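Colleague: For what it's worth, this note's numbering labels the leading residue of the sequence shown as 2, then goes sequentially.
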Amino acid sequence: FARAGAAPAADPGRRLLIPSDDPGIEFLVVKPGDVPVYVESGAADLGITGTDVLRESNADVLEPLELGFGFCRLVVASPEEAPYPALPGGITARVATKYPRLAQAHFAAQGRPVDIIQVGGSVEVAPLLNLSHWIVDLVDTGNTLRANGLAERETILPCGAVLVANRASQKLKLDAYLALMARLERSAD
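1. Give me whichever residues DSSP pairs with GLN119 in a beta bridge.
2. Please report how far the alpha carbon of ALA83 lies from the alpha carbon of ALA97, in whole angstroms.
3. In the DSSP assignment, the beta strand (DSSP E) including ARG74 goes from what residue to what residue?
4. When you compare only the Cα positions, how much space is there between ALA11 and ALA3?
5. Roughly how many angstroms separate the alpha carbons of GLY6 and ASN149, rounded to a whole number?
6. Less than 8 Å between the beta carbons of ALA162 and ASP46, yes or no?
7. Leaving out five residues on either side along the sequence, give the residues of the same chain with a beta carbon under 6 Å from the beta carbon of ARG15.
8. At which residues does the beta strand (DSSP E) containing ALA152 begin and terminate?
9. Helix, strand or coil: how does DSSP classify THR69 here?
10. Does the beta carbon of ASP23 come closer than 8 Å to any beta carbon on chain C?
11. Going by DSSP, what residue range makes up the alpha helix (DSSP H) through THR52?
12. For the alpha helix (DSSP H) that contains PRO37, what are its first and last residues?
13. With DSSP run on the structure shown, which of helix, strand or coil describes PHE108?
14. Could you spell out where the alpha helix (DSSP H) holding GLU186 opens and where it closes?
15. Rounded to whole angstroms, what's the CA-CA distance from PRO128 to THR52? Just pull it up for me.
16. Going by C-alpha to C-alpha distance, which of ALA44, ALA152, ARG74 and LEU151 sits closest to LEU103?
17. Measuring alpha carbon to alpha carbon, tell me which of GLU57, ARG154, ALA87 and GLU64 ends up nearest LYS235.
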């Protein structure tokens with residue numbers, strides 16, 4: 002945004018609504034998981050979040066621009082020595098994840114029944130403590146998986162930062178929207 006002429010105020014302090022160099026743009030600071038909610042509801046016209054968060058939320062928003070950073074992937078991983086993709090004796094796999102909707106959809110599409118265990122973080126420890134057989138989590142380098150004796154088994158979704166837009170705002174503020182998109186696309190190159 003700074004390269005597009007809309008840099009946030011230099012010292013916003015603890016404010017969550019931050020003015021920018023462009024009087025038509027104000028920044029709202031929220032957690033990545035809340036971005037789709039604010040944008041879909043119209044509380045914010047645009048937002049930046051990860052593909053993982055957006056797909057998990059299933060928000061009805063536009064995705065006008067991939068931002069070219071924050072690349073990673075959502076994967077299935079399991080202990081290196083564990084059988085995959087089937088468990089012995091027809092056991093239903095337990096899968097720990099922060100992404101229950103995406104995980105359930107992935108396994109359902111393959112006709113593989115699983116029990117999803119939703120956790121908020123430190124997903125890699127779940128198989129070590131016998132909470133789950135497998136995990137679904139974000140991976141960049143894979144170092145944390147390997148450090149915990151896990152192996153990447155399948156990629157569910159390549160992820161990265163995306164700009165999302167409210168559908169109504171895009172139509173009602175079309176000229177400003179198109180001008181900002183052009184500025185952002187030029188600055189992303």
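By construction, the Cβ of each residue, glycine as well, lies at the ideal position given by its N, Cα and C atoms.
Bear in mind that the values here come from a model prediction, so they are computed numbers and not experimental data.
Modeller: For this structure:
1. Taking the first residue of the sequence shown as 1, we reach residue 119 at position 118. Looking at the DSSP assignment, GLN119 forms a beta bridge with THR98.
2. Mapped onto the sequence shown, residue 83 falls at position 82. Mapped onto the sequence shown, residue 97 falls at position 96. Those two C-alpha atoms are separated by around 15 Å.
3. On the sequence shown, position 73 is the one that residue 74 refers to. Per DSSP, ARG74 belongs to the beta strand (DSSP E) from 73-80.
4. Taking the first residue of the sequence shown as position 1, residue 11 is located at position 10. Taking the first residue of the sequence shown as position 1, residue 3 is located at position 2. Distance between the alpha carbons of ALA11 and ALA3 is about 11 Å.
5. Taking the sequence shown and counting its residues from 1, one reaches residue 6 at position 5. Taking the sequence shown and counting its residues from 1, one reaches residue 149 at position 148. C-alpha separation (whole angstroms): 44 Å.
6. The sequence position of residue 162 within the sequence shown is 161, counting from 1. The sequence position of residue 46 within the sequence shown is 45, counting from 1. No. Outside cutoff.
7. Working through the sequence shown from its first residue, we reach residue 15 at position 14. Once the five neighbours on either side are set aside, ARG15 has no close Cβ partner at all.
8. As a position in the sequence shown, residue 152 is number 151, starting the count at 1. Start and end: 151-160.
9. Position 68 of the sequence shown holds residue 69. Looking at the sequence provided, one finds Gly at residue 69 rather than Thr. GLY69 falls in the coil class under three-state DSSP.
10. Given the protein chain composition of this structure (a single chain), no chain C is represented.
11. Working through the sequence shown from its first residue, we reach residue 52 at position 51. THR52 -> alpha helix (DSSP H) spans 52-58.
12. Within the sequence shown, numbered from 1, the residue matching residue 37 stands at position 36. Its alpha helix (DSSP H) spans residues 36-42.
13. Translated into positions along the sequence shown, residue 108 becomes position 107. If DSSP states are grouped into helix, strand and coil, PHE108 belongs with the helices.
14. Here the question's residue 186 lines up with position 185 in the sequence shown. GLU186 -> alpha helix (DSSP H) spans 175-189.
15. Here residue 128 refers to the residue found at position 127 when the sequence shown is read from its first residue. Here residue 52 refers to the residue found at position 51 when the sequence shown is read from its first residue. If you take the alpha carbons of PRO128 and THR52, they lie about 25 Å apart.
16. For this step, residue 103 is matched to residue 102 along the sequence shown. Comparing Cα positions, the closest option is ARG74.
17. Given that the chain is displayed from residue 2 to residue 190, the structure contains no residue 235 and the question cannot be resolved.
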